[in-house]
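Undergrad:
Protein chains: 2
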Amino acid sequence: MYSIGDLSRRTGVKAPTIRYYEQMGLLEAPQRSEGNQRRFAKAELERLAFIRHARDLGLTINSIRQLIDLSGHADRPCADADRIAKEQLASVRDRIAKLQKLEEELERIATCCTGETIGDCYVIRALSNHSLCGHEH
Amino acid sequence: MYSIGDLSRRTGVKAPTIRYYEQMGLLEAPQRSEGNQRRFAKAELERLAFIRHARDLGLTINSIRQLIDLSGHADRPCADADRIAKEQLASVRDRIAKLQKLEEELERIATCCTGETIGDCYVIRALSNHSLCGHEH
DNA sequence: CTAATTGCTCTAGTGACTAGAGGTTCAAGA
DNA sequence: TCTTGAACCTCTAGTCACTAGAGCAATTAG
Ligand SMILES: [Zn+2]
Ligand SMILES: [Zn+2]
Ligand SMILES: [Zn+2]
Ligand SMILES: [Zn+2]
Numbered sequence: 001m002y003s004i005g006d007l008s009r010r011t012g013v014k015a016p017t018i019r020y021y022e023q024m025g026l027l028e029a030p031q032r033s034e035g036n037q038r039r040f041a042k043a044e045l046e047r048l049a050f051i052r053h054a055r056d057l058g059l060t061i062n063s064i065r066q067l068i069d070l071s072g073h074a075d076r077p078c079a080d081a082d083r084i085a086k087e088q089l090a091s092v093r094d095r096i097a098k099l100q101k102l103e104e105e106l107e108r109i110a111t112c113c114t115g116e117t118i119g120d121c122y123v124i125r126a127l128s129n130h131s132l133c134g135h136e137h
Numbered sequence: 001m002y003s004i005g006d007l008s009r010r011t012g013v014k015a016p017t018i019r020y021y022e023q024m025g026l027l028e029a030p031q032r033s034e035g036n037q038r039r040f041a042k043a044e045l046e047r048l049a050f051i052r053h054a055r056d057l058g059l060t061i062n063s064i065r066q067l068i069d070l071s072g073h074a075d076r077p078c079a080d081a082d083r084i085a086k087e088q089l090a091s092v093r094d095r096i097a098k099l100q101k102l103e104e105e106l107e108r109i110a111t112c113c114t115g116e117t118i119g120d121c122y123v124i125r126a127l128s129n130h131s132l133c134g135h136e137h
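Chains A and B, in that order, are what the protein sequence lines are.
Position one of the first sequence corresponds to residue 1 (full-length UniProt numbering), numbered consecutively onward.
Position one of the second sequence corresponds to residue 1 (full-length UniProt numbering), numbered consecutively onward.
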């Protein structure tokens, strides 16, 4: 049996975050001590590691809840789980593509200023005038 | 003189967002009609375009406020403006690098499942076990 | 003049936490 | 056994950049 602090140290997840996951229904309400403090079993530690790993990969609380629900039915087809992973991959690729466009524009904006004063600063001029940009964002 | 709806149509920024920018101090409080409705001058239209462009490039409200403050002093050195742009570029690059790591892991996780059921789904196994990952995230 | 549209303010909700207040319980040393 | 200090509890509010909605007032076209 782990206290919330033990669990926190073992997983690197802060105690308020663990309580938050419980509130969001990702962790089941654990047993309590006589004085009402949380006492976690090993299964909860493993589930928390699962949650943390999924969060580190950018999955939302909602997706993680779905995956946890699925993982309780070992005999069902895994198409839903695969779909969630593929959607997350697509979303990450989408964000990368958008950020790369920004990077391109920002590189120009941030490195082309040869001015000395605000009056002729390329940063300010470029922000005032989108037509200096190479594409939409 | 533009109403908030005129301004919205001309810039593509929704009316509540325009009010929000005013509240955040990015737009100065505009003149009002007799009936207390906002009436914007051309200068505000240009400033709103500036704000919108900066937002599209990912700058925060705070950075934009600083840039607006700077742009009122044409004779001052532009080092601060240049620094804000460079910091934003660095932040975008940082986010791209992190997302690319995620992309790599997610690609493996999302495409390697040859299982049929949750019980042997690679997605679930990979999320349960970070040691299957190629690197940290 | 009337009806439709547009505008006003204010409040609350989003996601995934984080910080703080104000109080209680636990564990270890004396 | 007692005491002290760390850890824990619940609850509320704040973060960021909006967005949605309620309930009302002003404007504009016919
Ligand atoms: Zn400059
Ligand atoms: Zn642009
Ligand atoms: Zn699968
Ligand atoms: Zn991993």
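A virtual CB, placed ideally from N, CA and C, is assigned to each residue, including glycine.
Is it right to say S33 (chain B) is buried, meaning 16 or more other beta carbons lie within 10 angstroms of its own, or is it exposed?
TA: Counting Cβ neighbours within 10 Å, S33 (chain B) comes out exposed, since fewer than 16 surround it.
Undergrad: Mind the definition here: the stretch 44-60 of chain A touches the stretch 116-130 of chain B only if three or more C-beta pairs lie below 8 Å; say whether that holds.
TA: yes
Undergrad: If we define contact as Cβ-Cβ less than 8 Å, is I118 (chain B) a contact residue for chain A?
TA: yes
Undergrad: Between residue 142 (chain B) and chain A, is the shortest Cβ-Cβ distance under 8 Å, so that the two count as touching?
TA: Nothing can be reported for residue 142 (chain B): it is not among the residues displayed for chain B, which extend from 1 to 137.
Undergrad: Please report the distance separating the alpha-carbon of V123 (chain A) from that of E136 (chain A).
TA: V123 (chain A) and E136 (chain A): Cα-Cα distance of roughly 17 Å.
Undergrad: Hey, how far is the Cα of R93 (chain A) from the Cα of V92 (chain B)?
TA: 15 Å
Undergrad: Whole beta strand (DSSP E) runs in the stretch 23-89 of chain A with 3 or more residues, listed along the chain?
TA: none
Undergrad: Taking only beta carbons into account, state which residues of the stretch 72-106 of chain A come closer than 8 Å to chain B, listed in chain order.
TA: H73, A74, D75, R76, P77, C78, A81, D82, I84, A85, K86, Q88, L89, V92, R93, R95, I96, L99, Q100, L102, E103, E105, L106
Undergrad: Judging by CA-CA distance, which residue of A:S3, A:L27, A:C121, A:C78 is the nearest neighbour of G35 (chain A)?
TA: A:S3
Undergrad: According to the neighbour-count rule (16 or more other Cβ atoms, all chains shown, within 10 Å of its Cβ), is A29 (chain B) buried or exposed?
TA: exposed
Undergrad: Show which residues of chain B have a CB atom less than 7 Å away from the CB atom of H53 (chain A).
TA: L127, H130
Undergrad: Would you say G134 (chain B) lies against chain A (beta-carbon separation less than 8 Å)?
TA: no
Undergrad: With burial defined as no fewer than 16 other Cβ atoms inside 10 Å of the residue's Cβ, what is the status of G58 (chain A): buried or exposed?
TA: So G58 (chain A) counts as buried.
Undergrad: Please state the DSSP three-state secondary structure of T114 (chain B).
TA: coil
Undergrad: Should the stretch 104-121 of chain B be regarded as contacting the stretch 67-80 of chain A, the criterion being three or more beta carbon pairs within less than 8 Å?
TA: Yes, the stretch 104-121 of chain B is in contact with the stretch 67-80 of chain A.
Undergrad: For E46 (chain A) and Y21 (chain A), I'd like the C-alpha separation in whole angstroms.
TA: 14 Å
Undergrad: Looking only at its chain, what residues have a beta carbon closer than 7 Å to the beta carbon of K14 (chain B), apart from the 5 residues adjacent to it on each side?
TA: S8
Undergrad: Could one say the Cβ of L70 (chain A) lies closer than 8 Å to chain B's Cβ atoms, at least one of them?
TA: yes
Undergrad: Does the distance from the CB of L99 (chain B) to the CB of R38 (chain A) come in under 8 Å?
TA: no
Undergrad: Taking its Cβ as the centre, do 16 or more other Cβ atoms sit within 10 Å of Q88 (chain B), making it buried, or is it exposed?
TA: buried
Undergrad: D69 (chain B): buried (16+ other C-beta within 10 angstroms of its C-beta) or exposed?
TA: Here D69 (chain B) is exposed. Its C-beta has fewer than 16 other C-beta atoms within 10 Å.
Undergrad: Grab me the residues of A81 (chain B)'s own chain with a C-beta within less than 7 Å of its C-beta, minus the 5 sequence neighbours each way, in chain order.
TA: Same-chain partners within the cutoff: L67, L70.
Undergrad: Just checking C121 (chain A) against ligand 2 - is the residue's beta carbon closer than 7 Å to any of the ligand's heavy atoms?
TA: no
Undergrad: With ligand 2 as the reference, list in chain order each residue whose Cβ lies under 5 Å from any of its heavy atoms.
TA: A:H130, A:C133
Undergrad: Quick one: is the Cβ of G115 (chain B) within less than 7 Å of any heavy atom of ligand 3?
TA: Residue side-chain check: G115 (chain B) places its Cβ nearer than 7 Å to a non-hydrogen atom of ligand 3.
Undergrad: Kindly list, in the order they appear in chain A, the residues whose Cβ is closer than 8 Å to that of L67 (chain B).
TA: V123, I124, L127
Undergrad: Name the chain B residues that come within less than 8 Å of A110 (chain A), Cβ to Cβ?
TA: D82, A85, K86, Q88, L89
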